[in-house]
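Residue numbers (the working numbering): 4 to 157.
Virtual Cβ for every residue (Gly too), placed ideally from N, Cα, C.
Quick caveat, the model's predicted, so the values are computed rather than measured.
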């Protein structure tokens with residue numbers, strides 16, 4: 004099964020909570036209580052999101068965590084990459100990928116197209132979409148037919 008880790012799911016939940024109230028900084032303890040997750044898990048997740056540049060942290064009485072940029076400029080792929088690393092369907096589907104079967108497999112170009120289509124879709128979903136209670140309107144047809152690889156342009 005292809006699925007995101009719990010920590011990535013938690014990151015989206017925490018970020019959505021912050022996005023719903025962007026006017027104020029949020030303490031880790033307050034976030035843990037609001038989203039009903041253990042404080043150590045929330046703290047770990049917040050640190051990862053700060054390191055990835057999605058959140059800013061301020062110390063002091065008026066401190067806490069806030070979005071590093073507007074929710075409309077943070078994408079699902081940003082959140083996933085912050086916790087999981089690069090989004091790719093197979094090892095050869097991302098730039099740093101390495102594969103011993105590349106010369107003989109015959110499917111790497113199509114896996115790269117699938118990976119690019121998935122990344123394109125995830126890049127079109129913003130934190131603002133995720134934080135909204137209204138259903139996200141996704142495209143009826145995935146953009147895989149229009150995906151061009153760098154090799155196609157050479």
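Setting aside the 5 residues that flank it on each side, residue 73 is surrounded in the same chain by 25 and 131, each with a C-beta closer than 8 Å to its C-beta; the list follows chain order. For secondary structure counted as the alpha helix (DSSP H) over 4 or more consecutive residues, the stretch 68-148 holds these complete runs in sequence order: 79-87, 111-127 and 130-134. Counted as a single uninterrupted DSSP element, the alpha helix (DSSP H) harbouring residue 23 occupies residues 9-23. Residue 85 is a Cβ neighbour of residue 55, given a cutoff of 7 Å.
Residue 36: member of the alpha helix (DSSP H) spanning 31-38, first to last residue.
Taking every protein chain shown into account, the CB of residue 139 has fewer than 16 other CB atoms within 10 angstroms, so this residue is exposed. Rounded to whole angstroms, residue 57 and residue 113 show a C-alpha spacing of 31 Å.
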